[in-house]
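Working notes for the structure below.
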Amino acid sequence: MFIVRKNFPVFVTGASGFIGGQLARRLLADGRRVRVLSRRPLPELETLGAEVIPGDLHDRHALERGCRSAETVFHVAGRVGVWGPPEDFFRVNVEGTRNLLVACREAKVPRLVYTSSPSVVYNGGDLRHVNESAPLCTQAPCAYPTSKATAEREVLAAHGPELATIALRPHLVWGPGDKNVVPRILTLARAGKLKIIGPGRNRVDITPINNVVDAHLLAEGALLTGSRAPFGSAGAVATPPQAGNSSASRPPHHPGGRAYFITNGEPVVLWDWINEVLRGVGIPEIKSHVPLPVAYAAGAALETVWRLTGRAGEPPMTRFVAKEMATDHWFDISAARRDLGYHPLVSVTQATAELIEHYKAGNPF
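Letter 150 of the sequence shown, counting from 1, is numbered 150 in my numbering, and no numbers are missing.
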């Protein structure tokens, strides 16, 4: 077990979002002293005991305040989406991360856990049992993957004796409280606007939120000890691990300066799972198909219209979404099991049943 120093705060960015908010709640439930960064009020987290710091990743004073005396920074904030000006994604995901790294160094924060994305290895095709040796993407149909890849690279390059860093790549995170992944699918299906892209047999990793939160706490613990942490432990010790920037200076499986895929390790046939959820909440299953080339061409055309007309919001289809909904993308989590002690405790079957009950109880999409 490792020692929890409850008088020393942890700082969570992105607590107004799904992952960051659930992580903050778990930390508070564990008796941790929690600061969160948010551009808007978060009364629920304040009621639970969090200190809400108004601001964003470009507010130097807010970052200084959040990092002051912090044991660990969990950097979850980011610009997400499949459409928008590239400069907007890079301003938040890259420049914002750089600002936070500066604040961590100035405040002598000993460790940083960064929430990255599996999209950093996007290659436009199937990704089957891919591990962390896959190259980072350098181009994609939207700016999100490349901006996250750049930010991840800089976070891991910052790893050293004064600041230990680690990156997690959780895939398709969902569960009660999610306002993006499943609610969007259910809303489109209920409106009759969802079709299966391609044959509908593509396999995808989907990850319940509780397992993703567990992974963040285990990553913190692994940085504390410099090795695999016992599951369920979280906390801080007096000194950070001593490690250099290069992999040659680390023990073979030292987690510092490394990225890890986080999934359930049990990929599902995406459209079968979507239809299971639809049946559970009383929405007709999706049975009609559209070929991937047709969906991809439609996405390209709609992107052009949105770009030329300056329409607000995201196009109803994009090239990136067409590929993501029709291709395999599932990942090897053996490194996370080995180095972090990560084992997904909540199965997809259990989490799906709980999600269906959540919606059947009257909770809105």
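Don't be surprised by glycine CBs; every beta carbon is placed ideally from N, CA and C.
Bear in mind that the values here come from a model prediction, so they are computed numbers and not experimental data.
Residue-chain proximity (residue i, chain C), Cβ-Cβ < 7 Å
{"i": "residue 93", "result": "Considering every chain present, this structure includes no chain C. It has just one protein chain."}
Straight-line Cα distance separating residue j from residue i
{"i": "residue 214", "j": "residue 313", "result": "33 Å"}
{"i": "residue 352", "j": "residue 358", "result": "10 Å"}
{"i": "residue 168", "j": "residue 291", "result": "33 Å"}
{"i": "residue 19", "j": "residue 219", "result": "15 Å"}
{"i": "residue 320", "j": "residue 126", "result": "13 Å"}
{"i": "residue 35", "j": "residue 225", "result": "23 Å"}
{"i": "residue 175", "j": "residue 17", "result": "13 Å"}
{"i": "residue 183", "j": "residue 365", "result": "5 Å"}
{"i": "residue 82", "j": "residue 145", "result": "9 Å"}
{"i": "residue 9", "j": "residue 350", "result": "33 Å"}
{"i": "residue 363", "j": "residue 178", "result": "11 Å"}
{"i": "residue 124", "j": "residue 173", "result": "21 Å"}
{"i": "residue 258", "j": "residue 338", "result": "13 Å"}
{"i": "residue 21", "j": "residue 307", "result": "33 Å"}
{"i": "residue 282", "j": "residue 111", "result": "46 Å"}
{"i": "residue 289", "j": "residue 322", "result": "12 Å"}
{"i": "residue 188", "j": "residue 277", "result": "13 Å"}
{"i": "residue 114", "j": "residue 318", "result": "27 Å"}
{"i": "residue 348", "j": "residue 267", "result": "9 Å"}
{"i": "residue 27", "j": "residue 71", "result": "13 Å"}
{"i": "residue 160", "j": "residue 300", "result": "43 Å"}
{"i": "residue 190", "j": "residue 107", "result": "49 Å"}
{"i": "residue 265", "j": "residue 309", "result": "42 Å"}
{"i": "residue 360", "j": "residue 69", "result": "44 Å"}
{"i": "residue 134", "j": "residue 121", "result": "6 Å"}
Segment limits, beta strand (DSSP E) that includes residue i
{"i": "residue 51", "result": "51-54"}
{"i": "residue 342", "result": "Premise fails: residue 342 is in no beta strand (DSSP E) and is neither H nor E."}
{"i": "residue 112", "result": "111-115"}
{"i": "residue 261", "result": "258-262"}
Neighbourhood of residue i by C-beta, 8 Å cutoff - its chain only, sequence neighbours within 5 removed
{"i": "residue 57", "result": "13, 37, 63, 77, 92, 95, 96, 97, 99, 100"}
{"i": "residue 25", "result": "45, 48"}
{"i": "residue 409", "result": "The structure shown has nothing for residue 409, since the chain only spans 1 to 365."}
Boundaries (first-last residue) of the alpha helix (DSSP H) holding residue i
{"i": "residue 170", "result": "Premise fails: residue 170 lies in the beta strand (DSSP E), 164-170, not in any alpha helix (DSSP H)."}
{"i": "residue 158", "result": "Element bounds for residue 158: n/a, residue is neither H nor E."}
{"i": "residue 62", "result": "60-67"}
{"i": "residue 93", "result": "Unbroken run through residue 93: none, as it is neither H nor E."}
{"i": "residue 18", "result": "18-29"}
{"i": "residue 360", "result": "348-360"}
{"i": "residue 189", "result": "181-190"}
{"i": "residue 399", "result": "Lying before the first or after the last residue shown, residue 399 is absent from the chain, which here runs from 1 to 365."}
Bridge-paired residues (DSSP) for residue i
{"i": "residue 366", "result": "Since the displayed the chain opens at 1 and closes at 365, residue 366 lies outside it and no answer follows."}
{"i": "residue 208", "result": "174"}
{"i": "residue 128", "result": "330"}
{"i": "residue 197", "result": "290"}
{"i": "residue 373", "result": "No statement about residue 373 is possible, as the shown extent of the chain runs from 1 to 365 and does not include it."}
Cβ neighbours of residue i in the same chain (closer than 6 Å, five flanking residues each side left out)
{"i": "residue 198", "result": "292, 326"}
{"i": "residue 210", "result": "346"}
{"i": "residue 263", "result": "171, 205, 207, 331, 333"}
{"i": "residue 329", "result": "127, 204"}
Cβ-Cβ distance between residue i and residue j below 7 Å
{"i": "residue 130", "j": "residue 331", "result": "yes"}
{"i": "residue 147", "j": "residue 90", "result": "yes"}
{"i": "residue 23", "j": "residue 216", "result": "yes"}
{"i": "residue 158", "j": "residue 165", "result": "yes"}
{"i": "residue 286", "j": "residue 185", "result": "no"}
{"i": "residue 119", "j": "residue 152", "result": "no"}
{"i": "residue 222", "j": "residue 355", "result": "no"}
{"i": "residue 104", "j": "residue 163", "result": "yes"}
{"i": "residue 202", "j": "residue 270", "result": "yes"}
{"i": "residue 132", "j": "residue 335", "result": "yes"}
Residue i: CB within 6 Å of a non-hydrogen atom of the ligand COA
{"i": "residue 137", "result": "What this structure holds is no ligand at all, so the ligand COA is not there to describe."}
Cβ shell of residue i (< 7 Å), same chain only, five flanking positions each side left out
{"i": "residue 142", "result": "82, 83, 318, 320"}
{"i": "residue 272", "result": "none"}
{"i": "residue 371", "result": "Residue 371 cannot be examined here, being either before or after the span of the chain that is shown, 1 to 365."}
{"i": "residue 274", "result": "185, 286"}
{"i": "residue 86", "result": "143"}
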